[in-house]
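Here is the structure we will look at, set down as structure tokens.
Numbering (the working numbering), first residue to last: 138 to 695.
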């Protein structure tokens, strides 16, 4: 549906596809700054997997004359990138949705469809399924490896299943290098249970087979199987002078030690994960449920992958990866949240559905308003673009109709219809009475964080303060306590949280120290209420040591 504008990242992948079709790995550095300079030649500073995957599709398009259009205008260039994205982004997204559906249905029967649809439409997976980036393809391959191992553990499948999972995990790293994190985590998962050594060796053999395309490409392009495309990445666009390299020289290809401030920014800054996709954070709350079901190995995988990706992203010198609607390097970890999300849907269907609808609305807004944001970004920027009718192109416009709002309305209607079909399977009406206080508190807390957190913790570190960072953490803990009280004591428990609204005023957001003081006072009050509630639930002392304590009656299912 959506024909997005191009950018340096997409241009680098597109240049590599054309170069491979011409029998070389060298690219024209004037097309993108995402290039590297090795031995006097320019290459795409990207993993080669996406270009290899779309190369046959590119050849088919050229056979029909679709990729031979003139490059004189940005519109023609955009259309050609969009044509490649149909195969390199949309098709992997469809496969990923089916994989999430299969995985969730095996763990929580009946909740796979709503979990897959909400996670696909309510996270960064939606805008990146419209962009010629490598994140969706790598996420599909990495999660496919997990699904194969999950099915193999349940069925007791032959060893070649483990080898197939290893091949998929290896190919995921060929598409995006950080997917090596998924490869290592799944190696431990494959080696768990009986015959650990044999299972682990079979999986690792498959991983080596999956890495063969990368080793072959590196040898062909750079003369060494261990030289990556990120070597000598450009700091500035190539010009007439000597190239300025070293963009990824810090640490290991730009990765050093995790920065706590960067990790916090990835979660609650202007385009942090909690701000633009609250569903992802809500899904993480279902991890304890997955552990309690007895699937501890799967729970460990679904917790380890997002945590390790967050740590890696916080250690990278460019946490948000430039133009992006959010922390794009976390996209490959999002599918692993589908299992805890499905369990949370079964436990709190109304709350998760409400948070999911809010996430879907934000992601649809970002997709239509242009997800490749520059200096300005966030929900306010997207709303401003929509108000000025700055809408991305759709297939309606590509067909020759000058009706941008028609294409946008059609896209929004299709997304809404998909969510409606998925949510129709949930028992929302029976849960209305019991869960509406928690839903009200969850949406209210999210809106408060959307207003306050970006002011106290901007993504630009030069404009942030230590007091503002701590104030955001204190506010988050306070709201978590308030939601816990609302879950057990009803909407009345949210009343003590109302003073937190003071933090949303411009006078407070402009004074981080005062915000920290107010947030600390509210946290102390919330902690007192929480402690009193815990004491009230304890059984009364019977008066003697030997006095029997009667067991409380079993609670009926909700």
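All residues carry an ideal CB built from backbone N, CA and C; glycine is no exception.
- Judged by DSSP secondary structure, residue 525 falls outside any alpha helix (DSSP H); it is assigned neither H nor E.
- By the neighbour-count criterion, in which 16 or more other beta carbons inside 10 Å mark a residue as buried, residue 556 falls on the buried side.
- If you draw a straight line from the Cα of residue 303 to the Cα of residue 650, it is about 51 Å long.
- DSSP places residue 338 in the uninterrupted alpha helix (DSSP H) bounded by 333–347.
- Beta bridge pairing from DSSP links residue 267 with no other residue.
- Nearest neighbour of residue 669 by Cα position, chosen from 640, 618, 521 and 331, turns out to be 618.
- The bridge partners DSSP lists for residue 390 come to none.
- In the same chain as residue 418, and ignoring 5 residues on each side of it, the C-beta atoms closer than 7 Å to its own belong to 410 and 411, in chain order.
- Straight-line spacing of the CA atoms in residue 348 and residue 268 works out to 25 Å.
- Excluding residues up to 5 positions away in sequence, 402, 406 and 407 lie with their Cβ nearer than 6 Å to the Cβ of residue 596 in the same chain.
- For the 9 Å CB-CB criterion, residue 477 and residue 551 do not form a contact.
- The alpha-carbon separation between residue 333 and residue 323 amounts to approximately 13 Å.
- In the DSSP annotation of this structure, the continuous segment of the beta strand (DSSP E) that includes residue 180 starts and ends at 178–181.
- Between residue 285 and residue 479 a beta carbon distance of about 19 Å is seen, past the 8 Å cut, so the two are scored as non-contacting.
- If you draw a straight line from the Cα of residue 298 to the Cα of residue 290, it comes to about 10 Å.
- For residue 604 and residue 643, the gap between their C-alpha atoms comes out near 16 Å.
- In the three-state reduction of the DSSP assignment, residue 531 falls in the strand class, which pools E and B.
- Burial state of residue 358 is buried, judged by a 10 Å Cβ sphere holding 16 or more other Cβ atoms.
- Secondary structure of residue 411 (DSSP, three-state): helix.
- A contact is defined here as three or more CB-CB pairs under 8 Å, and the stretch 310–326 meets this definition with respect to the stretch 265–279.
- Here DSSP, grouped into helix, strand and coil, assigns residue 371 to strand.
- When DSSP reads this structure, residue 172 sits in a beta bridge with 181.
- When secondary structure is reduced to three states using DSSP, residue 453 falls in the strand class.
- Sorting 365, 666 and 283 by C-alpha distance to the C-alpha of residue 340 places 283 at the top.
- Taking 9 Å as the cut-off, the Cβ atoms of residue 485 and residue 575 count as close.
- With a threshold of 16 other beta carbon atoms within 10 Å, residue 661 falls short and is exposed.
- Excluding residues up to 5 positions away in sequence, 173, 182, 385 and 390 lie with their Cβ nearer than 7 Å to the Cβ of residue 367 in the same chain.
- DSSP, read as helix, strand or coil, puts residue 163 in strand.
- Only exposed fits residue 625, as fewer than 16 other CB atoms lie within 10 angstroms of its CB.
- When only Cα atoms are considered, residue 531 and residue 544 end up about 6 Å apart.
- In the structure shown, residue 245 falls within a coil segment according to DSSP collapsed to helix, strand and coil.
- Here residue 569 is exposed, its C-beta having fewer than 16 other C-beta atoms within 10 Å.
- The three-state reading of DSSP puts residue 140 in strand, counting E and B together.
- Bridge pairing for residue 382: 371 [DSSP].
- DSSP places residue 557 inside the alpha helix (DSSP H), whose first and last residues are 541–560.
- In the structure shown, residue 294 adopts coil according to DSSP, grouped into three states.
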